[in-house]
Amino acid sequence: MNENFKNSTYKFFLFLALNASAQQISKNAIGVRIGDNDGFGGELSYQHYLKENNRLEFDLGFRNSKNVDAFKLVGLYQWVHKLDGNFNWFVGAGAGIGSYNTPGNDGFFALVAGDLGIEYNFHIPLIMSLDIRPELGLNNEYSDDLDLDIALGIRYQF
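Here my numbering is used: position 31 in the sequence shown is 440, and no number is missing along the way.
Structural data, given as structure tokens:
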């Protein structure tokens, strides 16, 4: 085999490997994230593309249970990886702040969070995700333990 053919073959397979692992992350996505963490809650959700497989996600949410009402804002840095076809999986970490109202007390809290999920990119500008977000509260009066927030997200991509 001549040297040019070997180099061309090598470059071709390298190109295929790089393109096979690449995925499309939309520049922006906005929608809702609906889940359950100590009461039913919904969040307005916004995702912003940073680079190749990274994005930021911001969620502004409300939680309601029989003993507690809470608002929170969470920001996450996420790594997105192609799984198969239009499926991606993602992992992330971040933090948030919020306020709560209980029958005996009102106040503010902070949290740190992780994120692990799977998403499907439809052929229309819609993305659907299912994720689990462990949140560690940093306030002794309201949330000083680990909560698991499981949610379904639906976002419009633009």
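Just so it is clear, CB atoms sit at the ideal spot from N, CA and C, and this is done for glycine as well.
Verify whether the separation of the beta carbon atoms of Gly-526 and Ile-541 is less than 8 Å.
yes
Just to confirm, is the Cβ distance from Asp-401 to Asn-530 under 8 Å?
Residue 401 is absent from the model: the chain starts at 410 and stops at 567.
Can you give me the Cβ contacts of Met-537 inside the same chain, cut-off strictly under 6 Å, excluding the 5 residues immediately before and after it?
Tyr-529 and Ile-563
Could you have a look at Glu-544 and say whether DSSP puts it in helix, strand or coil?
strand
Extent of the continuous beta strand (DSSP E) to which Asn-579 belongs
Because the chain in this structure spans residues 410 to 567, residue 579 falls outside the shown range and cannot be described.
Does DSSP put His-532 in a helix, in a strand, or in coil?
In the structure shown, His-532 adopts coil according to DSSP, grouped into three states.
Using only CA atoms, which one of Gly-444, Arg-464 and Phe-467 lies nearest to Asn-473?
Gly-444
Contacts around Tyr-565, its chain only, beta-carbon distance under 7 Å, and the 5 residues preceding and following it disregarded
Ala-438, Ile-439, Gly-440, Pro-534 and Leu-535
Span of the beta strand (DSSP E) around Ile-439
437–445
From this set, Leu-469, Arg-442, Asn-514 and Gly-470, which residue's C-alpha is nearest Asn-476's C-alpha?
Asn-514
Integer Cβ distance of Gly-505 from Leu-482, believed to fall under 8 Å:
6 Å
For Asp-554, count neighbouring Cβ atoms within 10 angstroms of its own Cβ and tell me buried if that reaches 16, exposed if not.
exposed
Nearest-angstrom beta carbon gap, Phe-518 and Gly-507 [assumed within contact, 8 Å]:
5 Å
When the Cα atoms are used, what is the spatial distance from Glu-466 to Pro-512?
32 Å
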